[in-house]
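Take the sequence shown: its position 12, counting from 1, is numbered 12 in UniProt numbering, and each next residue is one higher. Notes for the one structure printed next.
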Amino acid sequence: MMGFFSRVWWLCRKLCLYGCLASTAFTIFIIACGYFLALKPYEDGLEYEGYVRNQIKEYTSDFTSKSPPNLGYDKHVTDPLIRDADQLWAPTYNTPLGLHNGHFLGAVRGYGKREGKQSWVFVGGTNPDMGFWSLPVAVARANGSCVDPPAMCEGYTAGYQRLVDQQRANKTAQLSKTKFFFADCDVSPAICDYWAANPSMMVHVETMKPCQFMTDHYEGERPRLVYLCSVKWTYIALPIEKMPFNRKVWIADKLVPAFPSEYEQLRAMVWYDGVVQALEEFNSTTTDYYDASEAIPLPEPEIDLGVEGKYDSLQSVGQDLAKGYMRLRGKITGQRVNETGKYDSDRPFM
């Protein structure tokens, strides 16, 4: 009888040992896959983006200095995806779009600074080769991010470049209030992963009401008064399957329907009012909406200052908030605040 229990005990020990080894090996395999297929490409993308951005600064300074330019620049520096348009970068893309940047965990990050601002962002890149290791697996990879055929990737890039050139040459009423930006997923794969955007795409960013004043702080910093507005993000995949307008061409003395070119699709989106709303009705877009009225300020830290110290600190914070409110109100109304904290009617705000 003892021999039977001994054999059972020996078998259980073997099974436990083999089970532990198998689970450990499986865990290591999962961690390795996550690192090499997700974390490592993401870190490489951020490192490559920083490298290109630093080279752009050097490239610009070389042209303003008398020293001969360095010939060892990256291709994305000397030949950007879109010329004469501002490029967005992963850490700071909120600022050029007119949105609050702030700390990543801050309460105001991502909300608009004022209403009525519209921006178009072309999300582009180049088509990778068909090698297995060049295709994106878990995150976008640098240099080869466009999921469309090469002709389509290049067609929309050329179409957006044509729009940018037209705006610079002749700012018409339709384009005067619109800002053009671009995000190159070959250079900034992190920003495209964060937006879940695969080139080629168009992103429309619009700030709107409702808006509100709110105090914001982070990790014990002094509270500051900020003005928040709601933001609507609209993601439009290209090509557009159903257009809100028709195009016809003459063929053999007959006017026949034709699918609009890449440039014509982009031009219709940025040129005519109501196209974005029409595409939403066709379910051709993905929309994210951030309501400023639902923004929740961070809880203030508890600091024991005593009765007098608490009164003094509240009075100082209140004065700073009042001055901040006056400055923000002055920007909206066009009046400048003087040193006493009152409006100076003789000095308009510039």
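By construction, the Cβ of each residue, glycine as well, lies at the ideal position given by its N, Cα and C atoms.
Three or more C-beta pairs below 8 Å linking the segment 184-194 and the segment 112-126: Yes: at least three Cβ pairs fall under 8 Å.
Beta-bridge pairing of ILE236 - partner residues as DSSP gives them: MET202, THR285
Burial state of PRO189 (16 or more Cβ within 10 Å): buried
Opposing strand residues paired with THR207 [DSSP bridges]: VAL231
Cα-Cα separation, LYS323 to THR178: Cα to Cα, the separation comes out at about 32 Å.
Collapsed DSSP secondary structure at MET214 in the structure displayed: strand
LYS113, buried or exposed, once every other Cβ within 10 Å from all chains shown has been counted against 16: buried
Enclosing beta strand (DSSP E) for VAL123 [first to last residue]: VAL123 -> beta strand (DSSP E) spans 118-124.
Same chain, Cβ closer than 6 Å to LEU97, neighbours up to 5 away in sequence not counted: SER119, VAL205
Burial state of SER6 (16 or more Cβ within 10 Å): exposed
Distance, GLY144 Cα to LYS117 Cα: 32 Å
Straight-line Cα distance separating LEU39 from CYS33: Taking the straight line from one Cα to the other gives about 9 Å.
Straight-line gap, THR286 to LEU266 (C-alpha atoms, nearest Å): THR286 and LEU266: Cα-Cα distance of roughly 17 Å.
Burial state of TYR48 (16 or more Cβ within 10 Å): Residue environment: TYR48 is assigned as buried (16 or more neighbouring CB atoms within 10 Å of its CB, all protein chains considered).
Local conformation of TYR111 per DSSP, three classes: TYR111 falls in the coil class under three-state DSSP.
Touching by the beta-carbon criterion (3+ pairs, under 8 Å), the segment 76-88 and the segment 267-283: no
Proximity to ALA197 [Cα-Cα], best of LYS14, CYS146, GLN161, GLU241: CYS146
First and last residue of the uninterrupted beta strand (DSSP E) at LYS179: For LYS179, the enclosing beta strand (DSSP E) begins and ends at 178-184.
Within 8 Å, strictly: CB atoms of LEU163 and MET201: no
Any non-hydrogen atom of the ligand FAD within 7 Å of PHE122 CB: The model depicted lacks the ligand FAD and carries no ligand whatsoever.
Own chain partners of LEU88 with C-beta closer than 8 Å, once the 5 adjacent residues on each side are dropped: PRO96, LEU97, VAL121, PHE181, PHE182, ALA183, SER188, ILE191
Alpha-carbon spacing of ASP291 relative to TYR51, whole angstroms: Distance between the alpha carbons of ASP291 and TYR51 is about 36 Å.
Proximity of VAL275 and THR234 at Cβ, strictly below 8 Å: no
Sequence ranges, beta strand (DSSP E) only - wholly within the segment 5-52, length at least 3: none
Neighbourhood of PRO297 by C-beta distance below 7 Å, restricted to the same chain and skipping five residues each side: For PRO297, where only same-chain residues beyond five positions count, the Cβ hits under 7 Å are ALA107, MET214, THR215, ASP216.
Inter-residue Cα distance where the pair is MET243 and ALA25: Cα-Cα distance, rounded: 52 Å.
Those residues which DSSP pairs with TYR290 across a bridge: Looking at the DSSP assignment, TYR290 forms a beta bridge with VAL231.
Neighbour-count burial assignment, LEU279, 16 or more Cβ in a 10 Å radius: buried
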